[in-house]
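Chains as they are written, first to last, in this note's numbering: chain A, 722 to 948; chain B, 722 to 948; chain C, 722 to 948. Down below is the structure, laid out as structure tokens.
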């Protein structure tokens, strides 16, 4: 499953026709994470290591991907499934969705999901989820920063596609440059972050689509992007 | 008081029977922080340094402690008292509780409380509290990440004990490994954090309680933890 | 405009009579950021670099300034205008205000605003704003940490001035020391942060206004600050 997701994310990643990715699921569960049968001692520690390494690679791929990745969640997202939601750039969920990191209940603390969770919600919220394994509602997830938006179930696809289309109406090189720079500057100290991003702004202004966008604005017309 | 709290936290910290700690108070004040009489110039700067160093050690001990520490707050928590709430892994408060860092009013800016506060609430919330000294309500504290949960006063103990019992029903070695790893990975860059935690997952799977939990799940029975 | 703001911020920055700064605007727009006419290819890349460097200097000056800086927002704050709000220590807004980083719409991703935005709101909120360019309301901005407080329009000035007067009633050296220390410790690891701030507390206790404040408290009288 992880290999398939990785392959799907990489598919046409460099194509200029790809502008945004939506990750969704069928049925009442968005994702419940790892298959515990893969984690018994019938498999070797090397195999276990490969499972978690592949999972981490997929989560980091979402951030390093050239286009925005949106999670569209309708239902339960637990453990690495919750990690997947936390790892996407944007997450839209139906109001019946819920989120949990219940690994502690089966003796396997959600330490890899905690990487993504701990970077999206306040630490007290993350730790209560990790220590108790209990779910939070979509509204709580929104309140605490795990989601970008919550909508009624019958509007989930419409709203997610609306956001995706808005993103797809922008220039791909501009969005890609912006996304890469955002994650690059975030962990830096303020001076380094401004040094990096000031240079990005100058580079962005010099892009064909940067000049096209500014000129279209000044000429009060719609811009025509290169990609 | 700080030495006593430190000693209580360390008491039986390594005992396998200790699974969770609740910090609470009697009366209408959870804690109002340092005793200002200890901070006049009748005491030496060395003594002042020892006071703040001890306080910082207690706050760091909560994070490095092998079991989860829960603050149960019913009333006012100010200055180092607010810092104590912010330093706990989980914090449950009654709806009549409030939180402030009013040191600025007595000419002593809450710079050590700001370490814990600035890591739990958004910086604009932290700075308004620090610059004005004015309290925020329990609901605001929840909204901004200082608390995990707010309940009516008459349910405070029940809800806190419920969370504590849920944690105590899990394996101590698994929870300890998870807690230590959470705080270790949080300040790291993403790749280092995933490298660290992937290794933790492999180690966790190999624990006796890791295998017991997974097998119990697959066999649809309750796990029996070593501790 | 940026040079003028920089000059105004620096004006009497070292005067003991300056205790707090409020940044506000006239008309329905707080600030809509850069003038796009300055960013066409009629200007050189060196000129563009100077524009963004000056902007970054102004934003960093707000944090390094010796007194608290409050944004009082009544209306629309976009791009570098939204960055300015995010960069202030405290931000109070009327309920009709809104906030956006719409650069992507004109082919110029808000990468420098993202530095300040990404440090004040959860990353999923920041990325949705940056990728779609769509505005968030004052209430959403409060919920996510971009604002300290939201009030009805007719109470905006009253509430902002109330906060400013509260700050001005404190000792300037104490507030300055506290502000500088807050931003210094925030990116540090916990042990370093406590080491730094414990030293600050000892220094603060030794300040004339530190001793005056503590003694006034113990003697149940109003403190008289040196500045």
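Where is the CB? At the ideal position from N, CA and C, for every residue including glycine. Just so it is clear, the structure is predicted and the values come from calculations on it, not from any experiment.
Rounded to the nearest whole angstrom, the CA to CA distance from residue 739(C) to residue 857(B) is 27 Å. A direct Cα-to-Cα measurement between residue 822(A) and residue 948(B) gives close to 21 Å. Listed as beta-bridge partners of residue 820(C) by DSSP are 798(C) and 857(C). Within the stretch 891 to 905 of chain B, the residues whose Cβ lies closer than 7 Å to any Cβ of chain A are, in chain order, 891, 892, 895, 896, 898, 899, 902 and 903. Residue 777(A): member of the alpha helix (DSSP H) spanning 766 to 785, first to last residue. Taking the Cα positions, residue 918(A) is about 12 Å away from residue 839(C). Taking 8 Å as the Cβ-Cβ cut-off, the stretch 848 to 880 of chain A approaches chain B at 848, 849, 851, 852, 853, 854, 855, 864 and 865, given in chain order. Between the stretch 914 to 929 of chain A and the stretch 855 to 869 of chain A there are fewer than three C-beta pairs closer than 8 Å, too few to call the two in contact. Distances from the CA of residue 859(B) to each of 837(B), 813(B), 895(B) and 903(B) were compared; the closest alpha carbon is that of 813(B). Judged by DSSP secondary structure, residue 742(A) falls within the beta strand (DSSP E) whose first and last residues are 742 to 744. A direct Cα-Cα distance of roughly 12 Å separates residue 774(B) from residue 834(B). The beta-carbon distance between residue 946(B) and residue 892(B), rounded to whole angstroms, is 4 Å. This is short enough to meet the 8 Å contact definition. Interface criterion met: the Cβ of residue 769(A) is under 7 Å from a Cβ in chain B. One alpha carbon belongs to residue 755(B), the other to residue 943(C), and they sit about 20 Å apart. Among the residues facing chain B, residue 766(A) is included, as its CB has a counterpart in that chain under 7 Å away. Between the alpha carbons of residue 911(C) and residue 781(B) lies a gap of roughly 8 Å. Taking a Cβ-Cβ threshold of 9 Å, the residues of chain A close to residue 781(C) are 911, 912 and 915, in chain order.
With a threshold of 16 other beta carbon atoms within 10 Å, residue 762(C) falls short and is exposed.
By the criterion of at least three beta-carbon pairs nearer than 8 Å, the stretch 794 to 809 of chain A is not in contact with the stretch 933 to 943 of chain B. Buried is the label assigned to residue 877(B), since at least 16 other Cβ atoms lie within 10 Å of its Cβ. DSSP, read as helix, strand or coil, puts residue 752(A) in strand. Judged by beta-carbon spacing, residue 836(C) lies within the 7 Å limit of residue 914(A), meaning their Cβ atoms are closer than that value. In terms of CA proximity to residue 907(C), 841(C) leads the group 873(C), 841(C), 728(C) and 882(C). In this structure, the alpha-carbon of residue 905(A) lies about 11 Å from that of residue 832(C). According to the DSSP assignment, residue 734(A) belongs to no beta strand (DSSP E), since it is labelled neither H nor E. Bridge pairing for residue 811(A): 791(A) [DSSP]. Residue contact with chain A for residue 789(C): absent (no Cβ-Cβ distance below 7 Å to any residue of chain A).
Residue range 870 to 872 is occupied by the beta strand (DSSP E) that includes residue 870(B), with no alpha helix (DSSP H) assigned at that position.
Taking 7 Å as the cut-off between beta carbons, the residues of the stretch 739 to 760 of chain A near chain B are 757, 758 and 760, in sequence order. Residue state for residue 761(A) is assigned as coil, using DSSP reduced to three classes.
At a C-beta separation below 8 Å, residue 812(C) has these neighbours in chain B: 845. Out of 935(C), 923(C) and 929(C), the CA that lies nearest to the CA of residue 777(B) is found in 923(C). DSSP, read as helix, strand or coil, puts residue 941(A) in coil. Taking 7 Å as the cut-off, the beta carbon of residue 741(C) is found closer than this to the beta carbon of residue 788(C). Shown here for residue 790(C): same chain residues with a beta carbon closer than 7 Å to its own, the five before and five after excluded, namely 742, 744, 783, 809 and 810 in chain order.
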